[in-house]
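Accompanying notes for the structure given below.
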Amino acid sequence: MRLNRYLLPGCLVMLGLLAPLELAGAEPASDPPAAQELPSGQPTTNTILLAGQVNTWLDLANPPYNLPVTLKMKLERVGFRVVLDPGQPHDVVLVIDYRESRGPQYQKLEHGTQITCTLALHRSEPPNTEPMLTYRFEAEASWPIPVVSLYWDAVQNLEENAYYYYIGELLRGYLAAGQNAVAVFSEVIQEPPVLFSTHGGGRPPTGREVANREARLNAIRELGRLKDRQALPALWGLIEHPDPAERATAVAAIGTIGDPGALDRLKKLYETDPDLRAAAAQATQGTQHSQ
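For the sequence shown, counting from 1, position 234 maps to 242 in the working numbering; every step adds exactly one.
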């Protein structure tokens with residue numbers, strides 16, 4: 009299905025025949041702050057052209073989830089200027105390939121939705137260049153019972169993916185300073201959680217707060233999975249946070265990294281912090297087995 013209101017017609021972007029991009033429901037945004045400069049003094053990338061395509065299996069003109077608008081806001085939030093017309097000056101191109109396909113059928117319910125999204129960062133319009141950076145996301149509704157709905161449950165799971173949630177920070181870090189995911193995730197988990205800065209009055213958490221919380225936890229887990237000891241200072245810093253889930257997840261990630269130098273601190277946690285005793289014991293085992 010061709011979705012002209014959102015992005016370029018069909019697959020023309022993949023052939024390098026870029027046309028002006030339209031975002032349904034997009035509000036005019038004020039100019040974002042200028043991006044920082046590289047340590048060498050060279051100006052970093054300021055302007056990103058959004059291009060690509062979105063498709064849905066639903067009998068609708070456009071996917072209910074407006075991914076291009078969401079990406080635009082994520083990028084502008086971290087200081088990028090975003091343009092939709094390839095005729096406008098731009099430094100790099102972010103090519104979107106977003107597809108919603110029919111998922112499995114739930115008992116006594118209809119089919120769910122499966123989401124596949126690829127974001128490829130190019131120096132210029134493809135196919136003139138190979139992508140500098142590519143991210144691929146997959147999400148679908150929870151099985152066997154969706155938490156929200158057959159469609160929006162899949163969207164929520166996409167939003168909670170740490171690489172998608174922090175795509176703006178990842179691109180900014182890569183383009184401005186050559187940072188990898190370990191460096192970027194180590195920075196973002198040190199920022200105050202949205203939940204603690206806005207939640208109050210006994211009301212249930214908003215979708216934005218839930219997405220931030222889960223994305224943070226997933227970023228912490230990913231730091232463990234990547235097994236890079238450069239993440240350890242940020243993970244140890246989370247031990248002092250008030251959120252019990254983040255504290256326990258950080259300890260688990262430390263154990264997954266398997267740094268022998270962490271054993272003494274893990275032992276002290278086991279002895280002095282009842283809330284983290286189980287997590288510290290598992291992390292100690294994981295660290296010992298990795299040696």
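Every residue, glycine too, gets a C-beta built ideally from N, C-alpha and C.
>> Closest to residue 141 by C-alpha separation, out of 130, 226, 280, 53, would be which residue?
In response: Here residue 141 refers to the residue found at position 133 when the sequence shown is read from its first residue. Cα-wise, what sits closest to residue 141 is 130.
> In whole angstroms, what separates the C-alpha of residue 138 from that of residue 103?
Replying inline: On the sequence shown, residue 138 is found 130 positions in, with the first residue counted as 1. On the sequence shown, residue 103 is found 95 positions in, with the first residue counted as 1. Approximately 12 Å, taken between the alpha carbons.
> For residue 283, which of helix, strand or coil comes out of DSSP?
Replying inline: As a first step, residue 283 must be located in the sequence shown, where it is residue number 275. In the structure shown, residue 283 sits in a helix (DSSP, three-state: H, G or I).
> First and last residue of the beta strand (DSSP E) that includes residue 104?
Replying inline: One-based indexing of the sequence shown puts residue 104 at position 96. It spans 100 to 113 - the beta strand (DSSP E) in which residue 104 sits, taken as one unbroken run.
> Going by Cα to Cα distance, which pick from 59, 216, 244 is closest to residue 272?
Replying inline: By 1-based counting over the sequence shown, the position of residue 272 is 264. The shortest Cα separation from residue 272 among 59, 216, 244 belongs to 244.
> How big is the Cα-Cα spacing for residue 72 and residue 261?
Replying inline: Translated into the one-based positions of the sequence shown, residue 72 becomes position 64. Translated into the one-based positions of the sequence shown, residue 261 becomes position 253. If you take the alpha carbons of residue 72 and residue 261, they lie about 36 Å apart.
> Straight-line CA distance for residue 144 to residue 128?
Replying inline: The count along the sequence shown starts at 1 and reaches residue 144 at position 136. The count along the sequence shown starts at 1 and reaches residue 128 at position 120. The alpha-carbon atoms of residue 144 and residue 128 are separated by roughly 9 Å.
> What's the call for residue 161, buried or exposed, on a 16-neighbour Cβ count within 10 Å?
Replying inline: The sequence position of residue 161 within the sequence shown is 153, counting from 1. The residue in question, residue 161, is buried, as its Cβ has 16 or more Cβ neighbours within 10 Å.
> Nearest to residue 87 by alpha carbon, out of 215, 183, 165?
Replying inline: Residue 87 sits at position 79 when you count from the first residue of the sequence shown. The residue with the shortest Cα to Cα distance from residue 87 is 183.
> DSSP on residue 34, reduced to helix/strand/coil?
Replying inline: Taking the first residue of the sequence shown as 1, we reach residue 34 at position 26. A caution first: residue 34 carries a pLDDT of 34, below 50, which makes its placement in the model unreliable, though a value can still be read off. It is coil, neither helix nor strand.
> Measuring CB to CB, does residue 235 end up less than 8 Å from residue 265?
Replying inline: On the sequence shown, residue 235 is found 227 positions in, with the first residue counted as 1. On the sequence shown, residue 265 is found 257 positions in, with the first residue counted as 1. Yes; because the gap between Cβ atoms is below 8 Å, this pair is in contact.
> Which class does residue 187 belong to by DSSP, given the choice of helix, strand or coil?
Replying inline: Translated into the one-based positions of the sequence shown, residue 187 becomes position 179. Coil at residue 187, not helix or strand.
>> So if DSSP puts residue 145 in a beta bridge, which residue, or which two residues, is it bridged to?
In response: Here residue 145 refers to the residue found at position 137 of the sequence shown. According to DSSP, residue 145 bridges with 125.
>> Contact between the segment 224 to 234 and the segment 169 to 183 is defined here as three or more beta-carbon pairs at a separation below 8 Å; is this criterion met?
In response: yes
> Are there 16 or more other CB atoms within 10 angstroms of the CB of residue 297, so buried, or fewer, so exposed?
Replying inline: Taking the sequence shown and counting its residues from 1, the one referred to as residue 297 is at position 289. Answer is exposed; the Cβ neighbour count stays below 16.
> Cα separation between residue 123 and residue 163?
Replying inline: Numbered from its first residue, the sequence shown carries residue 123 at position 115. Numbered from its first residue, the sequence shown carries residue 163 at position 155. Rounded to whole angstroms, residue 123 to residue 163 spans 8 Å at the Cα level.
> Taking the alpha carbon of residue 5 as the point to measure from, which residue in 159, 54, 250, 241 has its own alpha carbon closest?
Replying inline: Nothing about residue 5 can be reported from this structure: the residues present for the chain run from 9 to 299 only.
> Can you give the Cα-Cα distance for residue 188 and residue 274, rounded to whole angstroms?
Replying inline: Walking along the sequence shown from the start, residue 188 turns up at place 180. Walking along the sequence shown from the start, residue 274 turns up at place 266. Cα to Cα, residue 188 sits roughly 27 Å from residue 274.
>> Just to confirm my understanding: we take residue 291, look at its own chain, exclude 5 residues before and 5 after, and list those with CB closer than 7 Å. What are they?
In response: The residue given as residue 291 occupies position 283 in the sequence shown. Within the same chain, residue 291 has close Cβ partners 259, 260, 262, 263, 274.
> Any idea what DSSP makes of residue 86, helix, strand or coil?
Replying inline: Taking the sequence shown and counting its residues from 1, the one referred to as residue 86 is at position 78. If DSSP states are grouped into helix, strand and coil, residue 86 belongs with coil.
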